[in-house]
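Just so we're on the same page, our numbering is the position in the sequence shown counted from 1, plus 2.
Every residue, glycine too, gets a C-beta built ideally from N, C-alpha and C.
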Amino acid sequence: MPGFAMEYPFPFADHLALTDIAEDAVPTQSDFDAFHHRLRQCYAQLPKRLVQLADFVTEDPDEVALGTVSSLARQACVQPSTVVRFARTLGFGGFSEMQAVFRDRLRVRNVTYRERVNALRRVDGEPLEASVIFNGFYEAAHDSLRALQAHLLPERLEAAVTTMAQANCLYLLGLRRSMPVIRYLSYLLAKLDIRHQIIGLETGMEEESFAHAGPEDAALVLSYTDYAPRTIELFQALEARHVPVIAMTDSAASPVIPQSGLWLEVHEADFQGFRSNAASLVLVSTLAAAIAERRG
């Protein structure tokens, strides 16, 4: 199953689940991400038909948001009662309650940037003061950093640094919102005289940029919900070339987690739909400095 049926050689025992963290310690994880955390925890124990449905739900979440019990059962080749049982197994009262989580994901995903700007208005329709907007972004950045500190596993961070420090060349992949983070990491690596290559140049020749990559190199891949399809394609191409991959992503169900299981968990908070990059920037700064220190 994509995102679940993989081995994780790095310890998960210290990993904090959503329910293990005090409400005021980190920003609340989305219900959709919490659903995937629960699913991954119980996936290995699910009966065959529930596994079959879990695979379908993971691969086509939009259909869950828009479909019915009957349509999902038909497409997943299971009985309608299996759909209801699946929802209850994951802690929901029934299918409708589970579907609401998927619909909320779809609704949030489809909010345009113009709609987010329009949301930055008071009840009376007047624009918010700039200082209020600043405080909102400040709090989002602060929450992102607190979440990073809570979720980041030290042993996995060390493994990531070791892998990247030993690489002949570091390949950096991050598109859309992740591109500024990758650009900043490239700047740091250039200053530290560390050989690297950005994937996803303006030329559109992404595959050509890592045509000579192999097991002696390493790649850092950044991708967050809703996971750009092009990023997934390039990640799969890197894996096919046996390039060791380290992923920075936000869910155990992420499609860019490598077969090695080496990924760093990052949750970015948002203000009125504008998502922060604060935690990502701090983490790539940490990686750059640690790699340089490790190389001497």
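| Asked | Found |
| --- | --- |
| Can you have a look at residue 133 and say buried or exposed, based on whether 16 or more other CB atoms are within 10 angstroms of its CB? | exposed |
| Taking Cβ to Cβ, would you say residue 225 is nearer than 8 Å to residue 258? | yes |
| Go to residue 274, then tell me how far its alpha helix (DSSP H) extends in each direction, as first and last residue. | Counting along the chain, residue 274 falls outside any alpha helix (DSSP H), and DSSP gives it neither H nor E. |
| Residue ranges of each alpha helix (DSSP H) run of no fewer than 4 residues wholly in the region 120 to 189, ordered along the chain? | 132 to 153, 156 to 167 |
| Indicate the three-state DSSP secondary structure (helix, strand or coil) for residue 218 in the structure shown. | coil |
| Using only the alpha-carbon positions, how far apart do residue 287 and residue 188 sit? | 10 Å |
| Grab me the residues of residue 292's own chain with a C-beta within less than 6 Å of its C-beta, minus the 5 sequence neighbours each way, in chain order. | 163 |
| Given this structure, state the Cα-to-Cα distance separating residue 108 from residue 99, to the nearest angstrom. | 15 Å |
| Give every residue of the same chain whose Cβ lies closer than 7 Å to the Cβ of residue 75, excluding the five residues on either side of it in the sequence, and list them in chain order. | 81, 82, 84, 85 |
| Would you mind working out which of 64, 217, 166 sits nearest residue 249, comparing C-alpha positions? | 166 |
| Reducing DSSP to helix, strand and coil, say where residue 53 ends up. | helix |
| Is it the case that the Cβ atoms of residue 266 and residue 154 are separated by a distance below 8 Å? | yes |
| Here's a check: name, in chain order, each residue in its chain whose Cβ is nearer than 6 Å to the Cβ of residue 219, leaving out the five neighbours to either side. | 169, 170, 171, 245 |
| Any idea what DSSP makes of residue 281, helix, strand or coil? | helix |
| Looking only at its own chain, which residues have a Cβ that is under 7 Å from the Cβ of residue 254, when we skip the five neighbours before and after it? | 38, 39, 42 |
| Quick check on residue 267: does DSSP put it in helix, strand or coil? | strand |
| Do you know offhand how far residue 296's Cα is from residue 54's? | 45 Å |
| Could you check the C-alpha separation between residue 77 and residue 60 for me, to the nearest Å? | 13 Å |
| DSSP on residue 227, reduced to helix/strand/coil? | coil |
| Buried or exposed, going by whether 16 or more other CB atoms sit within 10 Å of the CB of residue 102? | exposed |
| What distance in whole Å lies between the Cβ atoms of residue 228 and residue 35, which are believed to be in contact at a cut-off of 8 Å? | Residue 35 to residue 228, Cβ: 12 Å. No contact. |
| Residue 202: which of 216, 231, 70, 269 sits nearest, CA to CA? | 231 |
| Could you name the residues that DSSP lists as bridge partners for residue 251? | 267 |
| Going by the beta-carbon positions, is the gap between residue 146 and residue 281 smaller than 8 Å? | yes |
| When we look at the beta-carbon of residue 233 and count the other beta-carbons within 10 Å, is it buried (16 or more) or exposed? | buried |
| Using DSSP's beta-bridge definition, name the partner residues of residue 38. | Looking at the DSSP assignment, residue 38 forms no beta bridge with any residue, so it has no partner. |
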